[in-house]
Amino acid sequence: NQENYSDKQKEAFNSLKLNLYKVGKGWQIKEAFRYFWSYSYKGNAEKFFKRWYFWATHSKLKPIIKVAKMLYKNIKYILTYFAHRITNAGSESINSSIQKIKSNARGFRNFDFFRVAILFHLGGLDVYP
Numbered sequence: 005n006q007e008n009y010s011d012k013q014k015e016a017f018n019s020l021k022l023n024l025y026k027v028g029k030g031w032q033i034k035e036a037f038r039y040f041w042s043y044s045y046k047g048n049a050e051k052f053f054k055r056w057y058f059w060a061t062h063s064k065l066k067p068i069i070k071v072a073k074m075l076y077k078n079i080k081y082i083l084t085y086f087a088h089r090i091t092n093a094g095s096e097s098i099n100s101s102i103q104k105i106k107s108n109a110r111g112f113r114n115f116d117f118f119r120v121a122i123l124f125h126l127g128g129l130d131v132y133p
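The opening position of the sequence shown corresponds to residue 5 in my numbering, with each subsequent residue numbered one higher.
Structure below.
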């Protein structure tokens, strides 16, 4: 019961309550941005971004403001997605797989061994007889 809290417990509760509010607000702003990618037209996406950017920069949450400003600086490049509907996700996936192979091996004697490992793991070969 909140009336029975000690001063230390009241302070901890108020801190937690404040932080939960900030976390909830940040989460809400982050989740709202996901709708940006559902637009079919560049103009509509741009209007959405302007509203979202205003909300994010007035949230008083420094990490959210930092991300919003970064997105704002690159918005013309981000909006090209709506013209072409392509991303670099495929190449990022391959790069991630190569980095995983590299870290699992803890180093290769030379580049040829590294190349063979990449071709073996990502080549899609059927190694069973």
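From the three backbone atoms N, C-alpha and C, an ideal C-beta is built for every residue, glycine too.
| Query | Result |
| --- | --- |
| Check whether the Cβ atoms of residue 63 and residue 33 lie closer than 8 Å to each other. | yes |
| Taking the alpha carbon of residue 45 as the point to measure from, which residue in 103, 76, 85 has its own alpha carbon closest? | 85 |
| Only counting the same chain, and skipping five residues up and downstream in sequence, which positions put a Cβ closer than 8 Å to that of residue 101? | 125, 126 |
| Going by the beta-carbon positions, is the gap between residue 43 and residue 36 smaller than 8 Å? | no |
| Excluding the 5 residues flanking residue 76 on each side, which residues of the same chain have their C-beta closer than 7 Å to its C-beta? | 57 |
| Quick check: what's the CA-CA separation for residue 109 versus residue 103? | 10 Å |
| Roughly how many angstroms lie between the CA atoms of residue 19 and residue 30, to the nearest whole one? | 17 Å |
| Count the other C-beta atoms from every protein chain shown that fall within 10 angstroms of the C-beta of residue 68, then say buried if there are 16 or more, exposed otherwise. | buried |
| CA-CA distance, residue 28 and residue 72? | 17 Å |
| If you follow the alpha helix (DSSP H) that residue 79 is in, where does it begin and where does it stop? | 79–82 |
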